[in-house]
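Enquirer: Pasting in a structure now, in structure tokens, and then I'll have a few things to ask.
Numbering (the working numbering), first residue to last: 1 to 408.
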């Protein structure tokens, strides 16, 4: 189905004064520092953390720093636009919101907050399979949202989950495939986060010392909706976040293969995307199996520590993908990062943690402000690079540090 994304907010809406707490947020990184103060240590640690020694997490940012811009000057850039076509749909910027699990513990109704902010801004949001709000409610609140699935281990459960998403009205299904086993998240242990969440004196103290989160997110959720459950891992409701069966629900994926992708492709009538591709041969296999697009991703450094950064992997994947759409996430923090990814062949970019932090700090208004900050950076950089369309972004406008490249 082809349709247009909702229009961006009007200039009058965008011009409304920001609350003081949001007015201090001048970049996406500013939201992280504010969210650290707002969220209990285990919740912030879960969002911010990665696997083992954080090698991949740190390299995701280093990879962008190795590229500089070679701008063109004296170009008329008065007609510049960020509008992007993706799978027959028009979006107002070349970036969207990546899927993030348990976002409803960072902000009240976090999954809805993220999806509605994206809808209002004319960009896509991807609902996580480990979200705490039913997928039916999210797409009702924000039509056009994409759904990301962690495949259950049993084919019958896979079929049922895919059918549930179809019936709910989702047109785009994203399969995350880089989690055959659970990662070694030592950071979670150190910050006191566990799955399931276990009551403790430390957890209670963290909540009591952050009263805005305790009253505005956790207690408000309990009073209005009861104990949060993993709502979208299966066709039926999953376990509550305090249940010992949570771990069992997220295991038994190590036997999944391309045969399962072929099965889903036969069943799913809409756009099918695979997230977690880093190797060119896997991009070629995705194309052979009829996949519509891939997201080059190392899961934000949260799975295999030492995995190559998506920006480094991007050119090879693009070459192997042929006419298949290639997108990217992990490590994007600035408008310049978005444009560097586009120059290296990505058609679109997704951003995760910063939007989660923005929701924690300011709810839907916080996410809207974060989107506007990133959009403004893209616009300014386009003007200074001498381009009027994001499609004009190409490798000829980049310069790579040969010394840094030799060390990579």
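Glycine included, every Cβ here is placed at the ideal spot set by N, Cα and C.
1) Going by C-alpha distance, which of 178, 70, 209, 225 is nearest residue 277?
2) How would you call residue 281, buried or exposed, if buried means at least 16 neighbouring beta carbons within 10 angstroms?
3) Enumerate in chain order the residues of its own chain whose CB-to-CB distance from residue 341 is below 6 Å, with the five nearest sequence positions on each side excluded.
4) Do the region 367-384 and the region 308-326 touch if we need at least three Cβ pairs shorter than 8 Å?
5) Determine the burial state of residue 85: buried for a count of at least 16 other Cβ atoms within 10 Å of its Cβ, exposed for fewer.
6) Grab the span of the beta strand (DSSP E) containing residue 90 for me, first residue to last.
7) Mind checking residue 300: buried by the 16 CB within 10 Å criterion, or exposed?
8) Within 8 Å, do at least three Cβ pairs link the region 16-26 to the region 176-196?
9) Would you say residue 409 and residue 303 are within 8 Å of each other, going by their C-beta atoms?
10) Can you give the beta carbon distance from residue 398 to residue 70, rounded, assuming they're within the 8 Å contact cut?
11) So, using beta-carbon positions, are residue 94 and residue 82 closer together than 8 Å?
12) Does the region 112-129 touch the region 143-163, meaning 3 or more C-beta pairs lie closer than 8 Å?
13) On the DSSP letters alone, give me the boundaries of the beta strand (DSSP E) that residue 329 sits inside.
14) For residue 284 and residue 322, I'd like the C-alpha separation in whole angstroms.
15) Within a Cβ cutoff of 8 Å, which residues of the same chain sit near residue 231, ignoring the five residues on either side of it in sequence?
16) Would you decide whether residue 306 is buried or exposed? Buried here means 16 or more other CB atoms lie within 10 Å of its CB.
17) Given that a residue counts as buried once 16 or more other Cβ atoms are within 10 Å of its Cβ, and exposed if not, what is residue 60?
18) Please check the pair residue 105 and residue 43, which I expect to be a contact at CB under 8 Å, by giving their CB distance rounded to whole angstroms.
19) Residues in the same chain with beta-carbon distance under 7 Å from residue 219, minus the five sequence neighbours each way, listed in chain order, please.
20) Here's a check: name, in chain order, each residue in its chain whose Cβ is nearer than 6 Å to the Cβ of residue 286, leaving out the five neighbours to either side.
21) Leaving out the 5 sequence neighbours to the left and right, which residues in its chain are closer than 8 Å to residue 324 when beta-carbon positions are compared?
22) In whole angstroms, what separates the C-alpha of residue 311 from that of residue 344?
23) By the three-class DSSP mapping on this structure, what secondary structure does residue 400 have?
Expert: The short version:
1) Position 277 of the chain shown holds residue 277. That would be 178, whose Cα lies nearest to the Cα of residue 277.
2) Along the chain shown, read from residue 1 onward, the residue named residue 281 stands at position 281. Exposed, by the Cβ-count rule.
3) For the purposes of this step, residue 341 is identified with residue 341 of the chain shown, where counting begins at 1. Closer than 6 Å at Cβ, skipping near neighbours: 328, 349.
4) no
5) The residue given as residue 85 occupies position 85 in the chain shown. Exposed, since its Cβ has fewer than 16 Cβ neighbours within 10 Å.
6) As a first step, residue 90 is located in the chain shown; it is residue number 90 there, counting from the start. Element bounds for residue 90: 89-91.
7) Within the chain shown, the letter at position 300 stands for residue 300. It is buried - the Cβ of residue 300 has at least 16 other Cβ atoms within 10 Å.
8) no
9) What the structure shows of the chain is the stretch from 1 to 408, and residue 409 is not part of that stretch, so it cannot be assessed.
10) For the purposes of this step, residue 398 is taken as residue 398 along the chain shown, with counting starting at 1. For the purposes of this step, residue 70 is taken as residue 70 along the chain shown, with counting starting at 1. Going by Cβ atoms, the distance from residue 398 to residue 70 rounds to 7 Å, so yes, they are a contact pair.
11) For the purposes of this step, residue 94 is taken as the residue at position 94 of the chain shown. For the purposes of this step, residue 82 is taken as the residue at position 82 of the chain shown. Contact flag set, yes.
12) yes
13) Here residue 329 corresponds to residue number 329 of the chain shown, with the count starting at 1. Residues 325-329.
14) For the purposes of this step, residue 284 is taken as the residue at position 284 of the chain shown. For the purposes of this step, residue 322 is taken as the residue at position 322 of the chain shown. C-alpha separation (whole angstroms): 8 Å.
15) The residue labelled residue 231 in the question sits at position 231 within the chain shown. So the qualifying residues of the chain are 131, 132, 133, 134, 135, 237, 238.
16) What you label residue 306 is simply residue 306 of the chain shown in a count that begins at 1. Label assigned to residue 306: exposed.
17) On the chain shown, position 60 is the one that residue 60 refers to. Classified as buried, residue 60 has 16 or more neighbouring CB atoms from the shown chains inside 10 Å of its CB.
18) Taking the first residue of the chain shown as position 1, residue 105 is located at position 105. Taking the first residue of the chain shown as position 1, residue 43 is located at position 43. So it is a contact: roughly 5 Å between Cβ atoms.
19) Here residue 219 corresponds to residue number 219 of the chain shown, with the count starting at 1. There are no such residues.
20) If you number the chain shown from 1, residue 286 lands on position 286. Same-chain partners within the cutoff: 274, 294.
21) Within the chain shown, the letter at position 324 stands for residue 324. Same-chain partners within the cutoff: 283, 286, 287, 291, 292, 293, 294.
22) Within the chain shown, numbered from 1, the residue matching residue 311 stands at position 311. Within the chain shown, numbered from 1, the residue matching residue 344 stands at position 344. Each residue's Cα considered, the two are about 8 Å apart.
23) In the chain shown, the residue the question calls residue 400 occupies position 400. Here residue 400 sits in strand by DSSP.
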